[in-house]
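What follows is one structure encoded as structure tokens, with my remarks underneath.
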Amino acid sequence: MSSKESCPVVNIPCNLGKRHGITAAWFTEDKISVTAYSNKLLQSVNNRPPVNAPVKVTHLAPTFILDEPILRSLVSECSNVFLNLQVVKSSSPAASIDYLKISRTYRSAIRACLEKLEDLITNTKPRDLEQYQNYVTIFYSVEYIWHLVEILIVDSNSATAVVPNLLEWVQYHFPTANRMATELLQLGRDVDSNEEYWGVVKGLIIQGQIQVARALLRLHTKSEMVCFEVAEQILQTMPIYSAYGGLSVPKFKSQWQYWSANARSKIDAGILAAEPDLEEIVKLVVGDRQTWTEQCRYATSWFEYFPGYLFYTESTCKYYELGTFANTWLSQCISTGGMNATYKYLDKIILSVMENNLPQVLHNIQNICDNKWFLTHLVDLLYHCGQLTLSTGGTEDQDAEKLFRESLLYDFGTLLMSRNASLWEVGLDYLEFSSTEGLGAREALLARIPIRNEKQALKLISAAKKNNFPAVESEICKVLVKRNLANRLYGNALEWAIRSRDSFYVTAVANIFLEHYCNTGEIMCEDVIANVGAKMFCSPRLIFLVKYYDFRQFYRERSFAQAAELLINLLDSKITPSYFWPSLLADTIPLLEFKEPVIPTKETYTILHHLEWDLVPMIEKRKEQLKGAKTAAQQQQQGQSQSQQMDTDEGDDNNQTLNAKFAPNLLNNCTDDLVKLLRLACTRNLARAFIIENTVAD
Numbered sequence: 001m002s003s004k005e006s007c008p009v010v011n012i013p014c015n016l017g018k019r020h021g022i023t024a025a026w027f028t029e030d031k032i033s034v035t036a037y038s039n040k041l042l043q044s045v046n047n048r049p050p051v052n053a054p055v056k057v058t059h060l061a062p063t064f065i066l067d068e069p070i071l072r073s074l075v076s077e078c079s080n081v082f083l084n085l086q087v088v089k090s091s092s093p094a095a096s097i098d099y100l101k102i103s104r105t106y107r108s109a110i111r112a113c114l115e116k117l118e119d120l121i122t123n124t125k126p127r128d129l130e131q132y133q134n135y136v137t138i139f140y141s142v143e144y145i146w147h148l149v150e151i152l153i154v155d156s157n158s159a160t161a162v163v164p165n166l167l168e169w170v171q172y173h174f175p176t177a178n179r180m181a182t183e184l185l186q187l188g189r190d191v192d193s194n195e196e197y198w199g200v201v202k203g204l205i206i207q208g209q210i211q212v213a214r215a216l217l218r219l220h221t222k223s224e225m226v227c228f229e230v231a232e233q234i235l236q237t238m239p240i241y242s243a244y245g246g247l248s249v250p251k252f253k254s255q256w257q258y259w260s261a262n263a264r265s266k267i268d269a270g271i272l273a274a275e276p277d278l279e280e281i282v283k284l285v286v287g288d289r290q291t292w293t294e295q296c297r298y299a300t301s302w303f304e305y306f307p308g309y310l311f312y313t314e315s316t317c318k319y320y321e322l323g324t325f326a327n328t329w330l331s332q333c334i335s336t337g338g339m340n341a342t343y344k345y346l347d348k349i350i351l352s353v354m355e356n357n358l359p360q361v362l363h364n365i366q367n368i369c370d371n372k373w374f375l376t377h378l379v380d381l382l383y384h385c386g387q388l389t390l391s392t393g394g395t396e397d398q399d400a401e402k403l404f405r406e407s408l409l410y411d412f413g414t415l416l417m418s419r420n421a422s423l424w425e426v427g428l429d430y431l432e433f434s435s436t437e438g439l440g441a442r443e444a445l446l447a448r449i450p451i452r453n454e455k456q457a458l459k460l461i462s463a464a465k466k467n468n469f470p471a472v473e474s475e476i477c478k479v480l481v482k483r484n485l486a487n488r489l490y491g492n493a494l495e496w497a498i499r500s501r502d503s504f505y506v507t508a509v510a511n512i513f514l515e516h517y518c519n520t521g522e523i524m525c526e527d528v529i530a531n532v533g534a535k536m537f538c539s540p541r542l543i544f545l546v547k548y549y550d551f552r553q554f555y556r557e558r559s560f561a562q563a564a565e566l567l568i569n570l571l572d573s574k575i576t577p578s579y580f581w582p583s584l585l586a587d588t589i590p591l592l593e594f595k596e597p598v599i600p601t602k603e604t605y606t607i608l609h610h611l612e613w614d615l616v617p618m619i620e621k622r623k624e625q626l627k628g629a630k631t632a633a634q635q636q637q638q639g640q641s642q643s644q645q646m647d648t649d650e651g652d653d654n655n656q657t658l659n660a661k662f663a664p665n666l667l668n669n670c671t672d673d674l675v676k677l678l679r680l681a682c683t684r685n686l687a688r689a690f691i692i693e694n695t696v697a698d
């Protein structure tokens, strides 16, 4: 993680910008728009030089790292922790919550993520290695800071004494000495022959692990010498402060001073001079300033040895005193040349935490390149445990903490929903517990999520139902209607149109089915139509389609009386599409030609009525349209070209199956011959029906 002083350089390919300067403006809260021409030139349009080249606009935004599968799993896992905390807090505000346990759960997820990243680095190609190393650096820093905030701020016991927790913190994040000590202890005797022996013992002493260091010293081949026995006595009798040990601070300090003076006298007497390394260790234990200053040269960061120094000099240190001691130690390290004055950005954040400067800590954390994942979760945890203090006490700042938390949840939730199609569910959870704007943004953002497949669409619809967003559910269904129509999956399109409950879409898809039947004589996707059921009432056109399908089924099953009754009902239903009259009336001819009439006289008159008042006017209108088109073509003297254009238009209409609109060839069977056949069939059926209906049985 680089500091703010070493910001990355972004190259923008813009030749106009090189010549005339550039202008930048905030596009969104995390995106900057850059275009050619400087602000001075923009003040006067007349001063802008004329250029034929297009002016490009470039958007600059931070990299979205949460797309990485391992980091995506971290986001998902921690969102469950976040959600559980919100649910418990909202359902039982007075309930006792172990915030320390929740914080450790967050950290365990971060640690698991780091282990996966490190495993991935070992099997990664060199070109991707730097990217994953950056991820490791970022989340190691996050773990450092979170752990320190946990032991100093979240832990309610931190007010008593902070040194034991700081020692635990440094032992956890700098485990080399502990790991090597374990290896040496497993060797048994003669461990001092290992060249790392004294370095490991010093490392243990610096981290406050007195007992392990004593165990290693006892394994030394010269452990029976006087100097080792004296060192063992010093380490064994060293007083260790505990807030719950029963000793007051003044009493402990008096014991420490007595013990320290005794140990220093033995050092001054030269008892330990025979073993310089052992003497140096004892000097570290008694808090010798010069010895600790020399050790600073070997530290990887200023805070690596700081907890150990406090342990041997100010073990009763409280949190409010920690900032003073930290600054003193930092100045001491820098003055010895052990550290560069421009230390890392992480070092600044660690110092701010120790200074109990929470606003500065949160401000610095925002610059970590983790898309504000860390800041959002840390602020939420601090807010719930009552440790988030930002206001100065004024009336206008009473809700500063609440507004700050809600704004972070809103930003992070919208980021997840707008940038990654696989994290939108997580984003919904964060927006649910953000401000009122967040609740409104959920509906708007949910409708804009790109739909990759029907499985994802079902998830989106489920979320829309759960959150009572009927408009979003309808919009998703409409998208799938269009997509299935484009792929010529008409059955799926009809199902999604019905599910959208939008009469316009249902009518449009039903028209496609009916027009296809008019053109081919076949009904598409009969299994889908057969299972529509009561859903057909969402559109009159769908009712007509389903009932016409039922008519066809009756006819196939040779239930001619039922088929005839349903057909007459369709004729009188007033929901018949105008383009379907030829096909519907043509279907009456076979039923009218039965020797035993299945259509009575009254219903036959109904057929004749629709023939004369619906079909015949349609034919006349069609003739007039064709005649008018022919006249216009002759007047423009483009007979041949106009004819070709009409053929092309008709071909386009035939191919335009995505839109339910009238196509000219639907009336190919609407001719005078059809009218003559219908009149003849009606006449013959009337004759037979009259005879049967007026015949009195003997």
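Residue numbering for the sequence shown is 1 to 698, as defined by the UniProt record's numbering.
For glycine and all other residues, C-beta sits at the position ideal for the given N, C-alpha and C.
Treat the numbers as computed from the prediction; the structure is a model and nothing was measured.
Quick one: what's got a C-beta closer than 6 Å to residue i's C-beta in the same chain, skipping five residues either side?
| i | result |
| --- | --- |
| C14 | A36 |
| S473 | The residue you asked about is not Ser; residue 473 is Glu in the sequence shown. Result list for E473: I461 and A464, in chain order. |
| N668 | With a pLDDT of only 49 at N668, under 50, the local geometry of the prediction cannot be trusted, and the value read off the model is given with reservation. Around N668: no qualifying Cβ. |
Quick check on residue i: buried or exposed, where buried means 16 or more other Cβ atoms within 10 Å of its Cβ?
| i | result |
| --- | --- |
| T507 | buried |
| T176 | exposed |
| E130 | exposed |
| L458 | exposed |
| E437 | exposed |
| V226 | exposed |
| L283 | At residue 283 the sequence reads Lys, which differs from the Leu that was named. Buried. |
| P93 | exposed |
| N685 | buried |
| E118 | exposed |
| S539 | buried |
Expressed to the nearest angstrom, what Euclidean distance is found between the alpha-carbon atoms of residue i and residue j?
| i | j | result |
| --- | --- | --- |
| D652 | I523 | In this prediction, D652 has a pLDDT of 38, which is less than 50 and means its spatial position is unreliable; what the coordinates show is noted afterwards. Each residue's Cα considered, the two are about 22 Å apart. |
| residue 699 | Q295 | Within the shown structure, residues of the chain are numbered from 1 to 698, placing residue 699 beyond reach of any answer. |
| A687 | R558 | 23 Å |
| L480 | D502 | 13 Å |
| P450 | Q207 | 52 Å |
| K101 | T389 | 21 Å |
| K469 | A497 | For the record, residue 469 in the displayed sequence is Phe; it is not Lys. Cα to Cα, the separation comes out at about 17 Å. |
| N11 | L278 | 57 Å |
| N80 | A534 | 40 Å |
| residue 703 | G246 | This structure gives no information on residue 703, because the portion of the chain shown stretches from 1 to 698. |
| R179 | H173 | 12 Å |
| I22 | N327 | 43 Å |
| A269 | N262 | 11 Å |
| T160 | K251 | 16 Å |
| C113 | S73 | 8 Å |
| E195 | V249 | 40 Å |
| G521 | I476 | 32 Å |
For residue i, which residues in the same chain have their Cβ closer than 7 Å to its Cβ, ignoring the five residues on either side in sequence?
| i | result |
| --- | --- |
| A215 | L185 |
| L310 | V163, L166, C317 and F325 |
| F27 | S33 and H59 |
| L415 | N371 |
| G323 | M354, E355 and N356 |
Enumerate in chain order the residues of its own chain whose CB-to-CB distance from residue i is below 8 Å, with the five nearest sequence positions on each side excluded.
| i | result |
| --- | --- |
| R452 | A421 |
| F64 | N371, L415, R419 and N420 |
| A25 | I32 and S33 |
| L567 | F551, L584, D587, T588 and L591 |
| L375 | L362, I365, Q366, I368 and L408 |
Since residue i and residue j are thought to touch, with beta carbons under 8 Å apart, how far apart are those beta carbons, to the nearest angstrom?
| i | j | result |
| --- | --- | --- |
| residue 709 | H59 | Nothing can be reported for residue 709: it is not among the residues displayed for the chain, which extend from 1 to 698. |
| E693 | T601 | 6 Å |
| L423 | V75 | 6 Å |
| V230 | L204 | Contact flag wrong, Cβ pair sits at about 19 Å. |
| H377 | K89 | About 14 Å separates the two Cβ atoms, so there is no contact after all. |
Can residue i and residue j be called in contact, C-beta distance under 7 Å?
| i | j | result |
| --- | --- | --- |
| L591 | A564 | yes |
| S260 | V286 | yes |
| L570 | K547 | yes |
| G491 | V532 | no |
| L542 | A510 | yes |
| T631 | C682 | no |
| L152 | Y298 | no |
| Y132 | I121 | yes |
| residue 699 | P239 | The structure shown does not extend to residue 699, since the chain is modelled only from 1 through 698, so no value can be given for it. |
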